[in-house]
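Participant: Here the sequence shown stands for residues 145 to 245, numbered as in the working numbering.
Even for Gly, the Cβ is constructed at its ideal location relative to N, Cα and C.
Quick one: structure below, then a few questions.
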Amino acid sequence: MGELRILFTIFWPLSKPVLSIVAIFTFMGSWNEVLWPLLVVREQQLMTLPQLLTVFALGGGAGSIGVSLASAMVLVVPVVVAYAFLQRNFIESMASSGVKG
Numbered sequence: 145m146g147e148l149r150i151l152f153t154i155f156w157p158l159s160k161p162v163l164s165i166v167a168i169f170t171f172m173g174s175w176n177e178v179l180w181p182l183l184v185v186r187e188q189q190l191m192t193l194p195q196l197l198t199v200f201a202l203g204g205g206a207g208s209i210g211v212s213l214a215s216a217m218v219l220v221v222p223v224v225v226a227y228a229f230l231q232r233n234f235i236e237s238m239a240s241s242g243v244k245g
């Protein structure tokens, strides 16, 4: 067995669930980042969606709960779509983490 075959037949299938978990958590962390863009970006055209939602809520827009909830749903949709594509690997990773052997 060559080293590449070992890599692609043994290592890669076993590491797919872990890599998908890392991908989901990394995506969620960067998608929900608010503090760094608040410090760096001042122009409203360049702001990210989480940053715009924070500025809206802190700037007196908290009274219009419908707009806040609608924009929060827009924020959640990409994370749900990413989870939907990686759900099998996510569950497989959680199931294999409790197995001794």
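Going straight from the alpha carbon of Leu196 to that of Thr170, what length do you get?
Facilitator: By 1-based counting over the sequence shown, the position of residue 196 is 52. By 1-based counting over the sequence shown, the position of residue 170 is 26. Rounded to the nearest angstrom, the two C-alpha atoms are 21 Å apart.
Participant: Could you tell me the alpha carbon to alpha carbon distance between Ser208 and Phe229, rounded to whole angstroms?
Facilitator: Residue numbering aside, residue 208 sits at position 64 when the sequence shown is read from its first letter. Residue numbering aside, residue 229 sits at position 85 when the sequence shown is read from its first letter. So the two alpha carbons sit approximately 33 Å from each other.
Participant: Could you check what DSSP says for Arg186 in three-state terms: helix, strand or coil?
Facilitator: Along the sequence shown, read from residue 1 onward, the residue named residue 186 stands at position 42. DSSP places Arg186 in coil when its eight states are reduced to three.
Participant: Can you tell me which of Glu187, Phe152, Thr153, Pro161 puts its alpha carbon nearest to the alpha carbon of Ile235?
Facilitator: Counting from one through the sequence shown, the residue named residue 235 turns up at place 91. Of the listed residues, the one whose Cα sits closest to Ile235 is Pro161.
Participant: Take Ser164 and list the residues in its own chain whose beta-carbon comes closer than 8 Å to its own, dropping the five residues that flank it on each side.
Facilitator: Here residue 164 is taken as the residue at index 20 of the sequence shown, counted from 1. The answer, listed in chain order, is Leu230, Asn233, Phe234, Ser237.
Participant: From Leu182 to Leu158, what does the alpha carbon distance come to, in whole angstroms?
Facilitator: Position 38 of the sequence shown, counted from the first residue, corresponds to residue 182. Position 14 of the sequence shown, counted from the first residue, corresponds to residue 158. Spanning the two alpha carbons is a distance of roughly 39 Å.
Participant: If you reduce the DSSP assignment to three classes, tell me which class Ser215 lands in.
Facilitator: As a working mapping, residue 215 is identified with position 71 in the sequence shown. In this structure, Ser215 counts as helix in the three-state DSSP scheme.
Participant: By alpha-carbon positions, which one of Asn176, Trp180, Gln188 ends up nearest to Val221?
Facilitator: What you label residue 221 is simply residue 77 of the sequence shown in a count that begins at 1. Of the listed residues, the one whose Cα sits closest to Val221 is Asn176.
Participant: Report yes if the C-beta distance between Val178 and Thr198 is below 8 Å; otherwise report no.
Facilitator: In the sequence shown, counting from the first residue as 1, residue 178 sits at position 34. In the sequence shown, counting from the first residue as 1, residue 198 sits at position 54. Yes, the pair counts as a contact, with Cβ atoms nearer than the cut-off.
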